[in-house]
Amino acid sequence: MSELKHPVERIVWKSPHDLNANDYNPNVAIDKEMKLLEYSIKKSGWIQAVLITKDDVIIDGFHRVTIARINNWKIPCVVMDIDERERVMLTVRINRAKGTHIACKMADLVKKLINELGCSVAQVCEGIGADKSEVDLLLLDDVFEKHDIKNHQYSKAWYPK
Numbered sequence: 498m499s500e501l502k503h504p505v506e507r508i509v510w511k512s513p514h515d516l517n518a519n520d521y522n523p524n525v526a527i528d529k530e531m532k533l534l535e536y537s538i539k540k541s542g543w544i545q546a547v548l549i550t551k552d553d554v555i556i557d558g559f560h561r562v563t564i565a566r567i568n569n570w571k572i573p574c575v576v577m578d579i580d581e582r583e584r585v586m587l588t589v590r591i592n593r594a595k596g597t598h599i600a601c602k603m604a605d606l607v608k609k610l611i612n613e614l615g616c617s618v619a620q621v622c623e624g625i626g627a628d629k630s631e632v633d634l635l636l637l638d639d640v641f642e643k644h645d646i647k648n649h650q651y652s653k654a655w656y657p658k
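Quick note on numbering: the sequence shown equals residues 498 to 658 in the numbering used here.
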């Protein structure tokens, strides 16, 4: 690993208007998630570069680029010199590796923020992009037992042909 050049060592700042979406990304974000992303960038700055090809096609970071376009911000980018097969697989790999939030763990996190770290409900709502009803629900001690979450049968998001 020591001889490997890390792409993050080659950050360039670009106009988001010069970047183009790829035509294969299966990831989507709803308005609420986009507002949370914009809030996060405004609050903490750029903490992650957008990955692009030499031809300015976005590999990872489309939603960050969208926010940057709206706000006319320059954006940190890492140019990846990889073929199309590898960039498609990298996009999926990155999105899958981000995972999903588990409700039980989110409840523990919200309780810790409020009960141990002294945050108000309003601060938690703003900080994690939740509305008050979501936070109130996560604060209930028996919400998962009442809804029998452990035995809930979730449907698949898609089925292969």
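Where is the CB? At the ideal position from N, CA and C, for every residue including glycine.
Owing to the predicted nature of the structure, the values given are computational and were not obtained by experimental measurement.
- Query: Does the distance from the CB of ASN522 to the CB of PHE559 come in under 8 Å?
  - Reply: Yes, the pair counts as a contact, with Cβ atoms nearer than the cut-off.
- Could you round the C-beta distance between ASP553 and LEU516 to whole angstroms and report it? I think they count as a contact, below 8 Å. Your pair ASP553 and LEU516 checks out as a contact, with CB atoms roughly 5 Å apart and the cut at 8 Å.
- Taking ILE556 as the reference, give the member of ILE579, GLY542, ILE544 and GLU535 with the closest Cα. Nearest option by C-alpha distance: ILE579.
- Message: My output table needs one value for VAL505: the three-state DSSP class, helix, strand or coil.
- Response: The three-state secondary structure of VAL505, taken from DSSP, is helix.
- In DSSP terms, what ILE549 is bridged to: Residue pairing by DSSP places ILE549 opposite ILE555 and VAL576 in a beta bridge.
- Rounded C-beta distance between VAL547 and VAL562? I'm assuming under 8 Å. Sure, about 6 Å apart at Cβ, within 8 Å.
- Beta-carbon separation (whole angstroms), VAL576 vs VAL509, contact threshold 8 Å: Right, their Cβ atoms sit about 7 Å apart.
- Roughly how many whole angstroms lie between the Cα atoms of MET498 and SER541? Unreliable placement is indicated for MET498, whose pLDDT of 46 sits below 50; the coordinate value is still reported in the next sentence. Going by the C-alpha atoms only, they are around 30 Å apart.
- Residues near ILE527 by beta carbon distance below 7 Å, same chain, minus five either side: Cβ neighbours of ILE527 beyond the five flanking positions: none.
- Is the Cβ-Cβ distance between LYS532 and GLY626 less than 8 Å? By the CB criterion at 8 Å, LYS532 and GLY626 fall inside the cutoff.
- Query: Is the Cβ-Cβ distance between ARG566 and PRO504 less than 8 Å?
  - Reply: No.
- Starting from the C-beta of LEU610, find all residues in its chain whose C-beta is less than 6 Å away, skip the five residues before and the five after it, and write them out in chain order. Contacts found: CYS616 and VAL621.
- Query: Looking only at its own chain, which residues have a Cβ that is under 6 Å from the Cβ of TYR656, when we skip the five neighbours before and after it?
  - Reply: Caution is warranted here: a pLDDT of 47 is assigned to TYR656, below 50, making its placement in the model unreliable, and no coordinate value can be reported.
- Message: Measuring only the C-alpha atoms, how far is ARG590 from LEU614?
- Response: Whole-angstrom Cα-Cα distance: 34 Å.
- Note down, in chain order, each residue of its chain lying with its Cβ closer than 8 Å to the Cβ of ASP639, except the 5 sequence neighbours on either side. Contacts found: none.
- Message: Let's see if you can read the secondary structure: which residues bound the alpha helix (DSSP H) around TYR521?
- Response: Annotation for TYR521: no alpha helix (DSSP H) segment contains it, and DSSP assigns it neither H nor E.
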